[in-house]
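A short write-up of the structure that comes next.
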Amino acid sequence: MLTSALTLGVGLVQILMGILNLSFFTTYLSGQLIAVCYLFITSIGKDYAKKHKYKIDPRQEYYASGIMEFFSSFFPVFPTGACLSRSTVCDAAGVRTQFYTFFSCGLLLVVILWLGPLLESLPMCTLAAIVIVGIKDLFLQAKQLPYLWKVSKFDFTIFVVSYIFTIISDVTIGLSVGLLFTIVTVVLREQWPAFNILGTTPAKDVFKPKFAYHGLEDVAVDFTLLKFDCPLHFANASKFLDEITKHIHESHKATSVVCNDTNEKEDKQNEKTVKFAIMPKIILDCSAISYADIMGIEALREAYLLSLEEKVELIFVDISEKVLDMLNATDFFAHVRPAAIFPNIMRAINCKLYANAYAPGIRRKSLH
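What follows is the structure in structure tokens.
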């Protein structure tokens, strides 16, 4: 019985050792670790290049790191890389070239061979104080927080997260956490893009968000100008469709109220004329949509079909050539009339507001 229990215990330990085998990281994540190390080297280089007003070549840093790793592999040493605290100390000491390494290595050799026993009794807190004094400029960067809070809340959050993890853990961990958090913030910003209502001046020569400027007015009673300030893709396609659907329903309700008020004063013939005359129009400025994927194209198509059901005319203006190529490559124009696309806002307004006649829009030439 005891032998069976011991055998079972040994088997469980072997299974756990197989599950917790740390060689997995070096076997399957070596490329990712190398990329993080290279990113760390170039980021520190760019930081000091910005400080001292010079430029670095990332390819040169890549080759230098490769040559350095190649020669260091013949010796029992740790992999080479960048060190923020050492770089800060060197910068504070006025180092300008790599020749300082000869002096630094010579001094280190003297310390190891002769001065080491003299420093053995030195408290670790004293050595830590030397390092902290050398990197005090790094801690003083926290003074930028009020400025970042005023400029961008996302940049402020990224700085705080990277700063805290760098202090409580390690520079490499802080950089990795900061990089991952930056990617998360980019995804969040893409998922909640700005959807602005535009206004214009009496001369109709400027179209800007109404919330940001004074003195802007609507183009006409039955016109709504919208602008989507982000590429349209799978991450924000549903948000885009929700916003455009809300504006379509609002335009339809506003027109229904006007028509009901007219019914009390006009006869049936005039009612039909008024309904046709005040058919609401939504002009969607697509100039900021630099690219769109399949789900983005489907969102545009669904928005147009919904506008037809709600008796609202949806007009697309200033679509980039790259997005037009995507529209041609799909079945978008099987559901959307080419006349619903215009090269700019003014042409759409002139056509719909003044001409009241059919004016064909534009359609991208086939590149195949």
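So the sequence shown is numbered by the numbering used here: it starts at 50 and just counts up by one. Using N, Cα and C, we set each Cβ at its ideal position, and we do this for glycine too. This one's a predicted model, so the numbers in the text were calculated from it and none came from an experiment.
Short Cβ contact (7 Å threshold) for residue 364 with residue 337: Counting from 1 along the sequence shown, the entry for residue 364 is found at position 315. Counting from 1 along the sequence shown, the entry for residue 337 is found at position 288. No, they are not a contact pair.
Inter-stretch contact (C-beta, 8 Å, three-pair minimum) for the region 141 to 149 and the region 124 to 131: no
Residue range of the unbroken beta strand (DSSP E) whose run includes residue 258: The residue given as residue 258 occupies position 209 in the sequence shown. Where residue 258 is concerned, the enclosing beta strand (DSSP E) stretches over 256 to 258.
Span separating the alpha-carbon of residue 344 from that of residue 199: Start at 1 with the first residue of the sequence shown, and residue 344 comes out as number 295. Start at 1 with the first residue of the sequence shown, and residue 199 comes out as number 150. If I take the Cα positions, the gap works out to 35 Å.
Neighbourhood of residue 266 by C-beta, 8 Å cutoff - its chain only, sequence neighbours within 5 removed: Taking the sequence shown and counting its residues from 1, the one referred to as residue 266 is at position 217. For residue 266, where only same-chain residues beyond five positions count, the Cβ hits under 8 Å are 248, 249, 250, 251.
Chain-order list of residues whose beta-carbon lies under 8 Å from that of residue 95 (same chain, five-residue window excluded): One-based indexing of the sequence shown puts residue 95 at position 46. Taken in chain order, the residues that qualify are 105.
Status (buried if at least 16 other CB within 10 Å, exposed otherwise) for residue 297: As a working note, residue 297 is residue 248 in the sequence shown. That one is buried.
Under the three-state DSSP convention, the category residue 276 falls into: Mapped onto the sequence shown, residue 276 falls at position 227. Three-state DSSP puts residue 276 in a strand.
Beta-carbon separation (whole angstroms), residue 352 vs residue 293, contact threshold 8 Å: What you label residue 352 is simply residue 303 of the sequence shown in a count that begins at 1. What you label residue 293 is simply residue 244 of the sequence shown in a count that begins at 1. Residue 352 to residue 293, Cβ: 5 Å. Contact.
Beta-carbon proximity of residue 330 to residue 272, cut-off 7 Å: Against the sequence shown, residue 330 aligns to sequence position 281. Against the sequence shown, residue 272 aligns to sequence position 223. It is a contact, given that the beta carbons lie within the stated cut-off.
Simplified DSSP assignment, three categories, for residue 377: Residue 377 sits at position 328 when you count from the first residue of the sequence shown. Here residue 377 sits in helix by DSSP.
Length of the line joining the Cα atoms of residue 411 and residue 276: Taking the sequence shown and counting its residues from 1, one reaches residue 411 at position 362. Taking the sequence shown and counting its residues from 1, one reaches residue 276 at position 227. Bear in mind that the predicted position of residue 411 carries a pLDDT of just 49, short of 50, making it too unreliable to give a figure here.
Closest residue to residue 340 among 359, 284, 108 (Cα-Cα distance): Position 291 of the sequence shown, counting from 1, holds the residue named residue 340. Selected option, being the one with the closest Cα: 284.
Outcome for residue 156 when other beta-carbon atoms lying within 10 angstroms are tallied against a minimum of 16: Taking the sequence shown and counting its residues from 1, the one referred to as residue 156 is at position 107. With fewer than 16 Cβ atoms within 10 Å of its Cβ, residue 156 is classed as exposed.
Neighbour-count burial assignment, residue 101, 16 or more Cβ in a 10 Å radius: For the purposes of this step, residue 101 is identified with residue 52 of the sequence shown, where counting begins at 1. Exposed, because fewer than 16 other Cβ atoms sit within 10 Å of the Cβ of residue 101.
Backbone CA spacing between residue 214 and residue 194 [nearest angstrom]: One-based indexing of the sequence shown puts residue 214 at position 165. One-based indexing of the sequence shown puts residue 194 at position 145. Cα-Cα distance, rounded: 16 Å.
Contact between the region 197 to 212 and the region 233 to 240 (3+ Cβ pairs under 8 Å): yes
Option nearest residue 375 by Cα separation, candidates 114, 230, 349: Residue 375 sits at position 326 when you count from the first residue of the sequence shown. The option with the nearest alpha carbon to residue 375 is 349.
Simplified DSSP state of residue 362, which is helix, strand or coil: The residue you call residue 362 lines up with position 313 of the sequence shown. Looking at residue 362 - three-state DSSP - the assignment turns out to be strand.
Coil, strand or helix - residue 299 by DSSP: In the sequence shown, counting from the first residue as 1, residue 299 sits at position 250. In this structure, residue 299 counts as helix in the three-state DSSP scheme.
For residue 330: DSSP bridge partner residues: For the purposes of this step, residue 330 is taken as the residue at position 281 of the sequence shown. The partner list for residue 330 (beta bridge, DSSP) reads 272, 362.
Distance between residue 256 and residue 263 (C-alpha atoms, nearest Å): Walking along the sequence shown from the start, residue 263 turns up at place 214. Walking along the sequence shown from the start, residue 256 turns up at place 207. In a straight line, the C-alpha of residue 263 is about 12 Å away from that of residue 256.
Given residue 243 as reference, the closest of 260, 112, 233 once Cα atoms are compared: Start at 1 with the first residue of the sequence shown, and residue 243 comes out as number 194. Of the listed residues, the one whose Cα sits closest to residue 243 is 260.
C-beta contact flag for residue 301 and residue 342 at 7 Å: Stepping through the sequence shown from its first residue, residue 301 is reached at position 252. Stepping through the sequence shown from its first residue, residue 342 is reached at position 293. Result no, Cβ atoms of residue 301 and residue 342 do not sit closer than 7 Å.
Own chain partners of residue 89 with C-beta closer than 7 Å, once the 5 adjacent residues on each side are dropped: Reading the sequence shown from its first residue, position 40 is the one you call residue 89. Correct list, in chain order: 130, 131, 221, 224.
Per-residue DSSP class, three states only, for residue 248: By one-based count along the sequence shown, residue 248 stands at place 199. Note: residue 248 maps to strand in three-state DSSP.
Residue 217 - containing alpha helix (DSSP H), residue span: In the sequence shown, the residue the question calls residue 217 occupies position 168. Segment 202 to 217, the alpha helix (DSSP H) holding residue 217.
Straight-line Cα distance separating residue 385 from residue 295: Working through the sequence shown from its first residue, we reach residue 295 at position 246. Working through the sequence shown from its first residue, we reach residue 385 at position 336. Rounded to whole angstroms, residue 295 to residue 385 spans 20 Å at the Cα level.
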